[in-house]
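In the working numbering, the protein residues as written are -19 to 805. All C-beta atoms, glycine included, are put in the ideal place defined by N, C-alpha and C. Quick caveat: nothing in here was measured; it's all calculated off a predicted structure.
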Amino acid sequence: MKTGKKVMILLLIFVAAVIVYFIHPVGKKEEHGITEYTAMEKAKFPVLYATMGEREMAPVFGQTEERGVTADRGSLIVLPEDRKLKVRFAGTTKIQGLRYEIRSLDTENLIERTQVTSLDAAINGDSENAVSAELLIQNLLETGKEYLLGVCASLPDGSEAWYYMRIVEQDQGHVNEMLALAEEFSSKTYKYSDAQSLAMYMETSPSANSSALGTVTLKDTFTQLTWGSLGVERTGEAYTKLKELSGNLANVEIATHVTAKDGEKTETYEVTENFTMKWASQRIYMMDYERTMTELFTGDSDLFSGKRIILGIGNGDGVHAVKSAGGQYTAFVTGRELWAYDSGENVGARVFAFGGAASDDIRDNVPEHGVEILSVDEDGGIDFIVYGRMNRGTHEGSTGIAYYHYAMDQNALEEKFFIPSTEPFEELKDDLSVLAHRGTNGIFYFYMDHGIYGIDLKSLEYVALASGLTKNQFAVSADHSRAAWQENTGIWDSQTIQIMDLDTGDKTQLGGQAGSVSRIFGFVGNDCIYGTGDSGDYLMSNGRVMGVYLKSIDIVDREMKSVMHYEKPGSWIREVSVNDSRIHMKTVTSKDGFFGTYSADTLVCNAEILPGKADDIGWYASDQKGQVLFVQLDRDIETAKKIRQASPKLAESSETVKPIATAACRETEFYAYGRGRFLGRFVEFSDAAETAYNSMGFVTAGRDRIIWVRGNRASASYIRDITSASRLMERYLDSFEINQTMEDGTFLLDASGSTIIQVLYFVGQNIPVLAYTGEGTSMYLTGYDQTHVRVYHPESGATEVLSMETANQMLGAAGYDFICCVPTL
């Protein structure tokens, strides 16, 4: 009997060990050449909540960076009148020390650094343990100006966690009213009868997709707004975050989870709502609303059917799939999780996830990260990266790129190295969407913070291929296997272009002829498009370089053989754009500058269309769910077998690779934001404004200086004293060549290519806009209403009122060539 009991006890211990081994992610330790596996650490950083008014705002999560260089725009807190900011650290009673510092948004200027001497610990059970404090912020802040607040908590293990949020000192009253409206709007959508009062906000468009619940806006239907036929219920907390505040305009985000029944199953969805509102004395206007919804994938057997893996409701963000050449192995990403399916063995594996359906720890589910599949080989090996904020494990709180390899035959996951980032998550995501490629030569190539880098996967040595690049100075093929870039000497002055095969590592130089310049325009398939002109042969407008006259356009294939050469004697190319397989050109027969006449021409290419990672993602219509996403497989799933899930063992790495740029970016870049998120980084203001426009967004010069806000343009405005208002322009007009910030903080803005509606925002801010009508001729835009534009002619001193249609025709014929001077705050 005793022997039998011992056997049973040992068997139970073995079973428990197997469960821990396969269910919980593990990391590795290497001692004396032997690899030992240990469980991946749970998140250890406590969660910070700041109070605004009577409301505890959305959580802020700890970071390891001391200067907040990777902090995104995140949360904004309006300080109370007495500047006593209450904060609470949830999930701990063991903060050893607390301090905070306040800096300018660019982190360069330190405003205040203070040690907090009073901490209050509350022990109310494991789930409610907390440490509270009051930050007594000094009277050093300018009213209405945003600052970066960093709160540093010293933890028992000797580490420090930093928590970043923007703060502003101004009245809270209007802000609290808008926060309350957002919360009321959100709550009413869950009950059809309560939601009737929301119908006044709807602007349903006939072109709206009435079957999708993954993304819902005010242009969709009332049925979609009220969750269709899902019958959802909110579960857990709904977290409210103030994202932006500009005058009476606010952007608010509410994040939560909801559940819905599908037969006997309960399905969970991650939901984020974004509101743009404008306060007025009579009412609060709902300027824009967007709700995104993503079903949490569980990997249950009933989700594998026919030739499909059913992902559920989603907006498609980050969803992609890659197959092995023979189609046996499929890797796919949904809800920031990587899954793999082996059709031969009928095995599905949840390869990587910080949280998801398997975790209820809020720290695991911080959404500021993504997963990108790089390759899937014939043995089931998958290379991929996890980028953004690391929610737990060795790199918790760090922002960067973790490179992993998964071996499906061994069900083993190994981290190869970690690359720290100097960019916030959304900017890093944008950069990696341009280039992230595992070459067949064993090199990982990627674009990050204006540089192209390569890391040898064996030696972990890196090379900086190019630095200081803006996105109009390089191009990457659709499959990321080829890249081409100009030398960093200015966009119009590069003598050579380097083109590289990122599978073989072969690099070839284009151009380089004496007295010539080269311009990269992009790829059609794997064919590279570039132009050649004479050095210094600039296209000019009133002292500003707008381009360079090109003599020819060339296309070369992967073997560097010429596919097409375009050149017409006595003709020059002043502008080129590439759209899919078409090259659009503006050509001239005389060099009459920016305001000269031109002809349009188009070249059509017959290059191969390359496969994309979204090609195997489809959707079907469901009566209950609307559009449902799925992964398309190459072969039927064997219905006789039940899908077997296998959670891999994970080996973490302490290897860190820190690429160093060899040159800085020379250009001022414009950042577009809308609906509470980063939309892109651009060299031209007009491109940033166009991107932000439809999202009721805003544009910054550099990362932090807001210069344009769509929702803040008044319906009518008039600059009464044009003489005073135009003094900045008159001071800097002769030296106005490029976008730049002057010593007094004035920003010289080239807004050429923008629409009249977009630049009239500046007029509404009492900033006159100079519109060129020819070389040496111009007029100021000084006022507007719904149908007319007021202009001032500085040569004659005359004022004129033009219809909006006439102004568009006149200024459109002149190329919409605008400049203005944005004063410092």
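ask   = With MET544 and GLU555 assumed to form a contact (beta carbons below 8 angstroms), what rounded beta-carbon distance in angstroms separates them?
value = Not a contact, Cβ separation roughly 18 angstroms.
key: Nearest-angstrom Cα separation, counted from ASP459 out to TYR80   = 45 angstroms
inquiry  = Here's the rule: buried if 16 or more other CB atoms are within 10 angstroms of the residue's CB, otherwise exposed. What is ILE553?
reply    = Using a 10 angstroms sphere on the CB of ILE553, the tally of other CB atoms reaches 16 or more, which defines it as buried.
query = Per DSSP, MET759 forms a beta bridge with which residues?
reply = ALA751
ask   = Does the segment 662 to 677 come close enough to the segment 489 to 496 to have 3 or more Cβ pairs within less than 8 angstroms?
value = no
ask   = For ASN522, is the classification buried or exposed, using 16 other Cβ atoms within 10 angstroms of its Cβ as the cut-off for buried?
value = buried
message = Taking the alpha-carbon of GLU122 as reference, which of VAL148, THR248 and VAL608 has the nearest alpha-carbon?
response = Nearest C-alpha to GLU122: VAL148.
query = What is the residue span of the beta strand (DSSP E) that LYS303 lies within?
reply = 300 to 303
message = Can you give me the C-alpha to C-alpha distance between GLN604 and LEU590, rounded to a whole angstrom?
response = 35 angstroms
key: As assigned by DSSP and simplified to three states, the class of GLU92   = strand
message = In whole angstroms, give me the CA-to-CA distance for VAL6 and LYS629.
response = Note that VAL6 scores 39 on pLDDT, short of 50, meaning its location in the model is unreliable; the coordinates nonetheless yield the value given after this. Going from the Cα of VAL6 to the Cα of LYS629 covers about 6 angstroms.
request  = Could you please give the first and the last residue of the uninterrupted beta strand (DSSP E) stretch that includes TYR383?
outcome  = 379 to 387
ask   = Buried or exposed: where does GLN478 fall if 16 or more other Cβ atoms within 10 Å of its Cβ makes it buried?
value = Answer is buried; the Cβ neighbour count reaches 16.
task = Write down the C-beta distance between VAL111 and THR73 rounded to the nearest angstrom, noting that I regard them as a contact closer than 8 angstroms.
result = About 6 angstroms; that satisfies the 8 angstroms criterion.
ask   = Just the Cα atoms here: how many angstroms apart are ILE57 and ALA102?
value = In a straight line, the C-alpha of ILE57 is about 24 angstroms away from that of ALA102.
message = Can you tell me whether ASN119 is buried or exposed? The criterion is at least 16 other CB atoms within 10 Å of its CB, across all chains shown.
response = Exposed.
ask   = Going by the beta-carbon positions, is the gap between GLY373 and GLU140 smaller than 8 angstroms?
value = No. Outside cutoff.
ask   = Using a Cβ-Cβ cut-off of 7 angstroms (strictly less than) and excluding sequence neighbours within five positions of THR684, which residues of its own chain qualify?
value = For the record, residue 684 in the displayed sequence is Asp; it is not Thr. Cβ neighbours of ASP684 beyond the five flanking positions: LEU85 and ASP86.
For VAL568, the three-state DSSP class (helix, strand or coil) = strand
task = Determine the DSSP secondary structure at LYS9, reduced to helix, strand or coil.
result = Residue confidence is low: LYS9 scores 41 on pLDDT, short of 50, so the model does not pin down where it sits. Its coordinate-derived value is still stated next. LYS9: strand per DSSP, three-state reduction.
query = Should ALA175 be counted as a contact of the ligand HEM given a C-beta to heavy atom distance under 7 angstroms?
reply = Among the components of this structure there are no ligands whatsoever, and the ligand HEM is therefore not found.
Beta-ladder partner(s) of HIS237, from DSSP = Per the DSSP secondary-structure output, HIS237 pairs in a beta bridge with THR215 and GLU250.
Member of THR31, MET37 and ARG47 whose CA lies at the smallest distance from the CA of LYS64 = THR31
C-alpha distance - THR379 paired with LEU482, whole-angstrom precision = 26 angstroms
ask   = Nearest to VAL302 by alpha carbon, out of VAL781, TRP319 and GLY315?
value = TRP319
message = Could you tell me the alpha carbon to alpha carbon distance between TYR321 and LYS396, rounded to whole angstroms?
response = 22 angstroms
request  = Identify which residue in GLU406, SER734, VAL331 and MET266 has its Cα closest to the Cα of HIS385.
outcome  = VAL331
request  = Pull up the DSSP beta-bridge partners for GLU270, would you.
outcome  = GLU270 is bridged to THR197 and ASN254.
key: At least three beta-carbon pairs within less than 8 angstroms, the segment 790 to 801 to the segment 699 to 715   = yes
key: Nearest residue (CA-CA) to LEU609, options ALA446, VAL299 and PHE424   = VAL299
inquiry  = Within a Cβ cutoff of 6 angstroms, which residues of the same chain sit near LYS223, ignoring the five residues on either side of it in sequence?
reply    = ASN231, GLU233 and GLY656
inquiry  = Is the beta carbon of SER715 closer than 8 angstroms to that of VAL743?
reply    = no
ask   = Are the Cβ atoms of ILE500 and ILE533 separated by less than 8 angstroms?
value = no
message = Just to confirm before moving on: does the CB-CB distance between TYR529 and GLY513 stay below 8 angstroms?
response = Yes, Cβ-Cβ distance for TYR529 and GLY513 is below 8 angstroms.
ask   = Contact check, TYR219 vs ALA51 under 8 angstroms by CB: the rounded distance?
value = Not quite, the Cβ-Cβ distance comes to about 18 angstroms (not below 8 angstroms), so this is no contact.
message = Helix, strand or coil for ASN559? Go by DSSP, reduced to three states.
response = strand
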